[in-house]
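Below is one structure, written out as structure tokens; comments come after it.
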Amino acid sequence: DVSVNVLVSTFLYSRPFIESFEETPMLVAVLTYMGYGILTIFGYFRDYLRHWKIEKCYIATEKEEQKDFVPLYQDFENFYTRNLYMRIRDNWNRPICSVPGAKMDLLERESHDYNWTFKYTGRVVQDVINLGSYNYLGFAENTGPCADSVAEVTMKYGVGVASTRQETGNLDRHEEMEKVVARFLGVESAMAFGMGFATNSMNIPALAGKGCLILSDELNHASLVLGARLSGSTIRVFKHNNMQSLEKLLSEAIVHGQPRTHRPWKKILIVVEGIYSMEGSIVRLPEVIALKKRYQAYLYLDEAHSIGALGPRGRGVVDYFGLDTSDVDVMMGTFTKSFGAAGGYIAGKRELIEYLRCNSHSAVYATSMSPPVVEQIITSMKCIMGEDGTTIGRDRVRQLADNTVYFRKRLREMGFITYGNNDSPVVPMMLYMPAKIGAFGREMLKRNIGVVVVGFPATPIIESRARFCISAAHTKDMLDRALSVISEVGDLLQLKYSRHRKLPSLLRHLDNDVYEDIDD
Numbered sequence: 001d002v003s004v005n006v007l008v009s010t011f012l013y014s015r016p017f018i019e020s021f022e023e024t025p026m027l028v029a030v031l032t033y034m035g036y037g038i039l040t041i042f043g044y045f046r047d048y049l050r051h052w053k054i055e056k057c058y059i060a061t062e063k064e065e066q067k068d069f070v071p072l073y074q075d076f077e078n079f080y081t082r083n084l085y086m087r088i089r090d091n092w093n094r095p096i097c098s099v100p101g102a103k104m105d106l107l108e109r110e111s112h113d114y115n116w117t118f119k120y121t122g123r124v125v126q127d128v129i130n131l132g133s134y135n136y137l138g139f140a141e142n143t144g145p146c147a148d149s150v151a152e153v154t155m156k157y158g159v160g161v162a163s164t165r166q167e168t169g170n171l172d173r174h175e176e177m178e179k180v181v182a183r184f185l186g187v188e189s190a191m192a193f194g195m196g197f198a199t200n201s202m203n204i205p206a207l208a209g210k211g212c213l214i215l216s217d218e219l220n221h222a223s224l225v226l227g228a229r230l231s232g233s234t235i236r237v238f239k240h241n242n243m244q245s246l247e248k249l250l251s252e253a254i255v256h257g258q259p260r261t262h263r264p265w266k267k268i269l270i271v272v273e274g275i276y277s278m279e280g281s282i283v284r285l286p287e288v289i290a291l292k293k294r295y296q297a298y299l300y301l302d303e304a305h306s307i308g309a310l311g312p313r314g315r316g317v318v319d320y321f322g323l324d325t326s327d328v329d330v331m332m333g334t335f336t337k338s339f340g341a342a343g344g345y346i347a348g349k350r351e352l353i354e355y356l357r358c359n360s361h362s363a364v365y366a367t368s369m370s371p372p373v374v375e376q377i378i379t380s381m382k383c384i385m386g387e388d389g390t391t392i393g394r395d396r397v398r399q400l401a402d403n404t405v406y407f408r409k410r411l412r413e414m415g416f417i418t419y420g421n422n423d424s425p426v427v428p429m430m431l432y433m434p435a436k437i438g439a440f441g442r443e444m445l446k447r448n449i450g451v452v453v454v455g456f457p458a459t460p461i462i463e464s465r466a467r468f469c470i471s472a473a474h475t476k477d478m479l480d481r482a483l484s485v486i487s488e489v490g491d492l493l494q495l496k497y498s499r500h501r502k503l504p505s506l507l508r509h510l511d512n513d514v515y516e517d518i519d520d
């Protein structure tokens, strides 16, 4: 059955909060396990052929003189790469030769050795509808006010800064950018970093350490996981978006304290994301904040995918729920998605930012952000806030919301299983079987639609999926064309797994979706 989580508490939620995760059909799950089993058996057989030099092995292997050393390569990872991933490797790392906007151009390539190597044909596949890039607000563009301003700054400042912020790499544009970010978020202060991944992995260790407890959602991004591990803190994981699981860990932490000594924890830090990039789900922020206040914990919110993409003003998940930014202790986000730039930020109280300027490895040792990138951030944020004197930014935020609701609704009506929140522009569509991962990506590209497909180990073994990212730059014609192709390929590959169909209703409360079971 469809598992739809609807919170009826009007005290915490001012709007319906609907997330859908339809259960994997039993037959599909069995066939998926069988598929992986068959691939594994054939993988061992091919390894046997390679061992006896019957089949050539292209993968990196240990030198003969190093056979008595500790292996440099993980055995299972190496096995998985050469026998499963390599079969469908052509679906990833495709070279793009244009701006990754609503449409893009791809360099065509081919392989004559089963994806071990690729050769370029010299041809360009043009006007591919882009459903893979995180270009939520359409700011990945080479024309318009942002591009003009970036070009002007490049001519004045150049591209590289060749120093850290603490030495001679602190430009006036960096100061301006951080003021704009703080104003955009409605916080006291903010600081920026050149890499989104490092924003998490290098700043969490500065905020927590030995004697601290980090409570992490089980589906948090790898950068959050790495940062938590590097901090040396005790880490406990709660079930995805499950407030009962989180509260249980919080109460146990308060009652029992640290292991062995039972002293109180120095600090308890709850780490969550705004939008989860593989599930398309939105954090239950009102409930997380209520728990954080009740148990006097701290909250670290990663808004990599939600900033710019959620909320009536594009201010992220805090804006989406109409909450106060002061309730979030550490606000983190990236500039790589909604703003079409690069890097990340940490925002919050002034004391927090001043502390990080002195103690964060990213702040002290990293080279300053490139001036053109900084200018892209400034101009795109001002556009969203309307400080450029236009309504372009506000219109894009509204268009993204409309496109997201329309695209998700149509996919469900066609019979596909989609995951996540109705308002999330990240739309996972379930493929399940390993053979269908590569087949879906190839068939879509044949029809000039570029998509991202994801499988194990990035997802659970039976939950392979295609992940669509909706953009404000997509027109209705583009979305209709893409949906038509998805439906066609879905029929070809038998991907319409949903056992529920949408029922027409004249009296839907707030456009909630109503479903009915379909007899098998």
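Position 261 of the sequence shown, counting from 1, maps to 261 under the UniProt record's numbering, and the rest follow consecutively.
Each residue gets a CB set at the ideal place from its N, CA and C atoms; glycine is no exception.
Cβ distance (whole Å) where residue i is taken to contact residue j below 8 Å
i	j	result
Arg236	Leu207	Between Leu207 and Arg236 the Cβ distance is about 17 Å, and since that is not below 8 Å, they are no contact.
Glu108	Thr117	That pair is no contact at about 15 Å.
Thr325	Val180	Not quite, the Cβ-Cβ distance comes to about 15 Å (not below 8 Å), so this is no contact.
Val453	Asn93	Contact flag wrong, Cβ pair sits at about 13 Å.
Pro372	Val159	6 Å
Val283	Ser216	The Cβ separation is near 12 Å, so there is no contact.
Met429	Ala472	With a Cβ gap of about 20 Å, Met429 and Ala472 do not count as contacting.
Ser189	Ala347	7 Å
Ser498	Glu22	6 Å
Three-state class that DSSP yields for residue i in the structure shown
i	result
Val6	In this prediction, Val6 scores a pLDDT of 41, lower than 50, which makes its location untrustworthy; the coordinate-derived value is nonetheless stated afterwards. The answer is strand: DSSP assigns Val6 an E or B state.
Tyr497	coil
Leu503	Note that Leu503 has pLDDT 44, beneath the 50 cutoff, so the model's placement of it is unreliable and no number is given.
Thr334	strand
Lys67	coil
Ile18	strand
Met369	coil
Tyr345	strand
Gly420	strand
Thr143	coil
Met86	helix
Glu351	helix
Thr199	helix
Asp520	In this predicted model, Asp520 has a pLDDT of only 35, less than 50, meaning its place in the structure is not dependable enough to derive any value.
Asp1	Any reading at Asp1 must be qualified, since the residue scores a pLDDT of 40, below 50, and its modelled position is unreliable; the value itself is stated next. Reduced to three states, the DSSP call for Asp1 is coil.
Thr168	coil
Ile96	strand
Ile282	strand
Val153	helix
Cys57	coil
Tyr13	coil
His509	At His509 the pLDDT is 36, less than 50, meaning the model places this residue with poor confidence; the figure from the coordinates comes in the next sentence. Of the three classes helix, strand and coil, the one that applies to His509 here is helix, per DSSP.
Beta-bridge pairing of residue i - partner residues as DSSP gives them
i	result
Pro259	None; Pro259 has no bridge partner.
Asn130	Gly450
Lys267	Cys212
Lys119	Glu110
Arg465	Met430 and Val454
Lys103	Ile129
Asp75	Paired residues: none, contrary to the question.
Ile377	Answer by DSSP bridge pairing: none, since Ile377 is not bridged.
Val272	Leu301
Asp217	Phe238
Val124	Leu107
Contact check, residue i vs residue j, beta carbons under 8 Å
i	j	result
Ala192	Gly343	yes
Arg82	Ile54	no
Leu185	Arg396	no
Gly441	Glu279	no
residue 521	Leu323	Outside the modelled stretch of the chain, which goes from 1 to 520, sits residue 521, for which no answer is possible.
Val317	Gly274	yes
Leu411	Thr404	no
Asn448	Asp105	no
Ile461	Tyr44	no
Glu444	Val489	Note that residue 444 corresponds to Met in the displayed sequence, not to Glu. In contact: Met444 and Val489 (Cβ atoms closer than 8 Å).
Gly232	Ser201	no
Residue range of the unbroken beta strand (DSSP E) whose run includes residue i
i	result
residue 521	Given a span of 1 to 520 for the chain in the structure shown, any question on residue 521 remains unanswerable.
Tyr432	Val426 to Tyr432
Ile235	Thr234 to Phe238
Met191	Ser189 to Phe193
Bounding residues of the alpha helix (DSSP H) (the contiguous stretch that carries residue i)
i	result
Arg46	Met26 to His51
Met414	Ile392 to Met414
Lys292	Leu285 to Arg294
Leu230	Ala222 to Ser231
Asp319	Val317 to Phe321
Any non-hydrogen atom of the ligand ZN within 7 Å of residue i CB
i	result
Leu84	Absence of the ligand ZN from the depicted structure is noted, as is the absence of any ligand whatsoever, leaving it without description.
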